[in-house]
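Numbering (the working numbering), first residue to last: -10 to 203.
Right under this line is the structure:
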């Protein structure tokens, strides 16, 4: 299934105050607007599943709740050695600032708290050598959103805290292969994921280190 990441990246085709459609349609949303968008998607799935299945829901919201982005330690080393992202790293351009921001962990907006989704744009220019990988399998965290909605726990405070636990990591193809089919959509045997608990269990299991966190 293709990544519907265009919703949350800076739009390249929006002029003045024209209606937000297509690329970047959620990028300018306030936290409350984003929360309401996702709540509507959850309602459509939970309250009327006939015309909106799980894959539809996942495709629409999987990237809308991301709270940070990292490089694996192997990718970081490769960047410094000129193996990865050499067209951009150290070139003093907008794309270089994105790479540098992820390396340094400077991915917050000016308020110092909320994640700046411009850093997700690395998905557009990372090249075929690198993989954009959700640290917690998408199915698990979408299942948790469904649970919270059905139990009437999905409110703005829940949403704010939930996003603090959903990350992506840029990994090498070799690291991605380490996860294999068994860990692609599941946690390691005997480990249960909950928001804030066991977030990095899959990576720890296969020895993937995250730059700046390990």
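Think of the CB as a built atom: it goes at the ideal place given N, C-alpha and C, for glycine as much as any other residue.
Keep in mind that this is a model prediction, so the values were computed, not measured.
Limits of the unbroken alpha helix (DSSP H) element including residue i
i           : result
residue 266 : Given a span of -10 to 203 for the chain in the structure shown, any question on residue 266 remains unanswerable.
residue 158 : No alpha helix (DSSP H) holds residue 158; the beta strand (DSSP E) holding it covers 156 to 161.
residue 205 : As displayed, the chain neither begins before -10 nor continues past 203, which places residue 205 out of reach and without an answer.
residue 106 : No alpha helix (DSSP H) holds residue 106; DSSP gives it neither H nor E.
Range covered by the beta strand (DSSP E) that runs through residue i
i           : result
residue 57  : 57 to 60
residue 92  : Segment 83 to 93 is the alpha helix (DSSP H) holding residue 92; no beta strand (DSSP E) there.
residue 49  : Element bounds for residue 49: not the beta strand (DSSP E) but the alpha helix (DSSP H), 43 to 50.
residue 119 : 119 to 123
Buried or exposed by the 16-neighbour rule on C-beta atoms within 10 Å, applied to residue i
i           : result
residue 57  : buried
residue 118 : exposed
residue 104 : buried
residue 10  : Per-residue confidence for residue 10 stands at a pLDDT of 46, beneath the threshold of 50, marking its modelled position as unreliable; no derived number is given.
residue 65  : buried
residue -2  : buried
residue 197 : buried
residue 199 : buried
residue 161 : buried
residue 122 : buried
residue -6  : buried
residue 17  : exposed
residue 30  : buried
residue 74  : buried
Nearest candidate by alpha-carbon position, reference residue i, set the options
i           : options               : result
residue 109 : 190, 120 and 169      : 120
residue 23  : 50, 33 and 45         : 50
residue 177 : 184, 170, 190 and 167 : 190
residue 141 : 20, 19, 21 and 32     : 32
residue 194 : 115, 97, 175 and 136  : 175
residue 25  : 169, 82, 145 and 164  : 145
residue 183 : 202, 150 and 165      : 150
residue 165 : 85, 201 and 124       : 124
Nearest-angstrom beta carbon gap, residue j and residue i [assumed within contact, 8 Å]
i           : j           : result
residue 138 : residue 35  : 6 Å
residue 107 : residue 91  : In fact, because the Cβ distance is near 11 Å, the residues do not count as touching under 8 Å.
residue -4  : residue 15  : 4 Å
residue 61  : residue 180 : Residue 61 to residue 180, Cβ: 20 Å. No contact.
(request) Answer yes if the stretch 63 to 81 comes into contact with the stretch 127 to 142, meaning at least three C-beta pairs across the two stretches below 8 Å, and no otherwise. (result) no
(message) When you compare the stretch 48 to 56 with the stretch 147 to 166, are there three or more beta-carbon pairs, one atom per stretch, that lie closer than 8 Å?
(response) yes
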